[in-house]
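Peer 1: The structure is given below, and queries will be raised subsequently.
In our numbering, the protein residues as written are 865 to 994.
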């Protein structure tokens with residue numbers, strides 16, 4: 865059993881700690897997935913979050929999380945690390961079609977069409993690297 869503490873979870877430490885444990889394991893763990901009955905797509909229930917990571921930390925941590933078995937990466941426009949997240953995904957060596965990326969839009973943009981513009985900007989930031 866693996867018990868995680870707040871200290872281990874901070875600043876990508878969880879990934880480093882988990883990666884070391886995985887190197888010692890004989891069998892590769894599998895993430896639980898949820899199955900959408902409308903299609904054959906299964907999305908992991910647990911995502912690796914990039915909150916409070918710089919672009920450099922996001923790049924390294926996302927790459928390590930994917931190496932540790934994560935296939936769901938959670939980001940947000942307000943985290944200001946989407947480019948680092950995209951680089952981490954791109955340089956992970958795992959095909960892009962195997963990775964789910966979720967994000968959140970910053971609520972501070974007001975006016976007609978703002979969510980759509982924000983969505984396009986987020987996709988553009990990630991795509992610069994993917």
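Ideal placement from N, C-alpha and C gives every residue a C-beta, glycine not left out. Everything numeric in this text was worked out from a predicted model, so none of it was measured.
Could you tell me which residues DSSP pairs with residue 957 in its beta bridges?
Peer 2: Paired residue(s): none; residue 957 is not in a bridge.
Peer 1: Which of the three DSSP states, helix, strand or coil, is assigned to residue 867?
Peer 2: Any reading at residue 867 must be qualified, since the residue scores a pLDDT of 40, below 50, and its modelled position is unreliable; the value itself is stated next. It is coil, neither helix nor strand.
Peer 1: Could you check if residue 957 is buried or exposed, using at least 16 other CB atoms within 10 Å of its CB as the buried criterion?
Peer 2: With fewer than 16 other Cβ atoms within 10 Å, it is exposed.
Peer 1: According to DSSP, simplified to helix, strand and coil, what is residue 911?
Peer 2: Coil at residue 911, not helix or strand.
Peer 1: Quick one: does the C-beta of residue 919 sit closer than 7 Å to a heavy atom of the ligand GDP?
Peer 2: Among the ligands in the structure shown, none appear at all, so the ligand GDP cannot be discussed.
Peer 1: Alpha carbon to alpha carbon, how far is residue 968 from residue 941?
Peer 2: Going from the Cα of residue 968 to the Cα of residue 941 covers about 6 Å.
Peer 1: Distance check for residue 933 and residue 948, CA to CA, integer angstroms please.
Peer 2: Rounded to whole angstroms, residue 948 to residue 933 spans 19 Å at the Cα level.
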